[in-house]
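J.: Here our numbering is used: the sequence shown runs in plain steps of one and ends on residue 386.
Dropping a structure here in structure tokens format, bear with me for questions.
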Amino acid sequence: MREALEKIGGEARAAIARAGTSADLAAIDRRLFGEGGEISTLLRGIGKVPKEERPAFGAAANRLKKELEEVIAARRAALVSVEVEAEMRGEGFDPTLPGTRFVAGGLHPITTVRRELEDLFTSMGFDILDGPEVELERFNFDALNIPPHHPARDVFDTFWCESIGLLLRTHTSPVQVRAMERLKPPIRVLAPGRCFRHEDVDASHEHTFHQAEGLVVDRGISVAHMIGTMQALLRGIFRRDLEVRLRPGYFPFVEPGFELDARCPFCDGAGCAVCKRKGWVEILPCGLVHPNVLRAGGIDPDVYSGFAFGLGLSRLVMLRYGIDDIRWFMSGDLRFLRQF
Ligand code: FA5
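Structure, rendered in structure tokens:
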């Protein structure tokens, strides 16, 4: 066995010294250390060496392994530096050429529109906030004026985690309270992110979808500020002014609450397939922040007021690009993704 060790060592040292390129060296490395390589096989065979010789043989084999690894590393460094220099001296090498693009993918349409929204709201003085997707029951419901047993809990088809009090957030509204707890008024935040509901999935309902929460809190905030901000949002997304209207809507965390519609951007109100001949498209629910929610966030409702909205980002992206089925977004189908 000792002779075997010496033979492998001698041949390996000579081969490494002879290697003329880093590719030759890589082949030697594989021959010694790869699957079924000479050193690997030798080390695996230690068990067959007589018991009394085993410790000395094991130590010698490991010494050789370490030595050869070091010799290979040193030789590799020398060869690579010679090769790089040769390549740079060689004809056809132009260091001023732009690099090769190594990212082959593109942005998902939801990411594109989310980034546009973030730019737009940043330009209006908003901060962009993030919130946890696994949320406390307190933030998702209680602090939003939805106590246990309130019937409004039923409309959110919630994924509960087994541990008590945790769930996959059903909306981005929990970030409202988190923002109020952390920031002092004036508050202007946009919080885009994923939400989860135990939905019956169809062309317009997914179990995982995107929303963007907006919250403004200051002295004297009214519905007029909210409408102005929503018009700016629509102008940013559809690149022109769209008429809006408010319908009453119920959400326990706003009072008054509204559903905001816009004139259909595709037919200007004449009626088409997108707006189902109504001339209006639903854009988002919104309203003035309920005093109980301000209190839960540590803000005095006698001094401050605010508005909030919960934009269905996935649905807005569908509207913007004329996408007919929300399931395309997570389908991973390249025929769909390549269009953006
Ligand atoms: C909410 O989630 C409220 N938190 C919104 C809100 C925020 C109201 C602030 C008032 C003030 P709603 O459940 O309606 O509300 O959802 C808001 C939007 O998310 C919907 O208009 C829709 O565009 C989108 N949405 C809801 N469920 C789904 C789903 N399963 N798949 C895709 N989009 C959905």
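Every residue, glycine too, gets a C-beta built ideally from N, C-alpha and C.
How would you call tyrosine 350, buried or exposed, if buried means at least 16 neighbouring beta carbons within 10 angstroms?
T.: So tyrosine 350 ends up on the buried side.
J.: Below 8 Å on the Cβ atoms is my contact criterion, and I expect glycine 343 with glutamate 181 to pass it. Report the Cβ-Cβ distance as a whole number of Å.
T.: Incorrect: roughly 15 Å between the Cβ atoms, too far for contact.
J.: Tell me which same chain residues have a C-beta within less than 8 Å of the C-beta of methionine 276, skipping the five on either side of it?
T.: For methionine 276, where only same-chain residues beyond five positions count, the Cβ hits under 8 Å are Val290, Leu306, Ile329, Leu330, Cys332, Phe355.
J.: Quick check on leucine 212 - is its C-beta less than 8 Å from some C-beta in chain D?
T.: Of the chains in the structure shown, none is chain D; there is only one protein chain.
J.: Excluding five sequence neighbours on each side, which residues of the same chain lie with their C-beta closer than 6 Å to the C-beta of histidine 251?
T.: Cβ within range, chain order: Glu245.
J.: Taking the straight line between their C-alpha atoms, what separation do you get for tyrosine 367 and valine 339?
T.: Rounded to whole angstroms, tyrosine 367 to valine 339 spans 35 Å at the Cα level.
J.: Could you tell me the alpha carbon to alpha carbon distance between glutamate 259 and proline 231, rounded to whole angstroms?
T.: Their backbone Cα atoms lie some 17 Å apart in a straight line.
J.: So, with DSSP's three-state summary, where would you put glycine 82?
T.: Looking at glycine 82 - three-state DSSP - the assignment turns out to be coil, as it is neither helix nor strand.
J.: Buried or exposed: which applies to valine 149, given that a residue is buried once 16 or more other Cβ atoms fall within 10 Å of its Cβ?
T.: Classification for valine 149: exposed.
J.: Any heavy atom of the ligand FA5 closer than 7 Å to the Cβ of cysteine 313?
T.: Result no, Cβ not under 7 Å from the ligand FA5.
J.: Report all residues from its chain with a CB closer than 8 Å to the CB of cysteine 207; omit the five preceding and five following residues, and keep chain order.
T.: Around cysteine 207: Val180, Leu213, Leu214.
J.: Do the CB positions of glutamate 129 and serine 68 come within less than 8 Å of each other?
T.: In this structure, serine 68 lies closer than 8 Å to glutamate 129 by Cβ.
J.: Looking only at its chain, what residues have a beta carbon closer than 6 Å to the beta carbon of glycine 295, apart from the 5 residues adjacent to it on each side?
T.: The answer, listed in chain order, is Gly303, Phe304, Glu305, Pro331.
J.: Which one of Leu359, Val335, Ala278, Val117 has the shortest CA to CA distance from isoleucine 233?
T.: When each option's Cα is compared against that of isoleucine 233, the closest is Val335.
J.: Identify whether alanine 63 lies in helix, strand or coil by the three-state DSSP scheme.
T.: In this structure, alanine 63 counts as helix in the three-state DSSP scheme.
J.: Tell me where the beta strand (DSSP E) around isoleucine 233 begins and ends.
T.: Residues 233-242.
J.: Whose C-alpha, out of Ser377, Val223, Ala308, is nearest the C-alpha of glycine 352?
T.: If we check each option's Cα against that of glycine 352, Val223 comes out closest.
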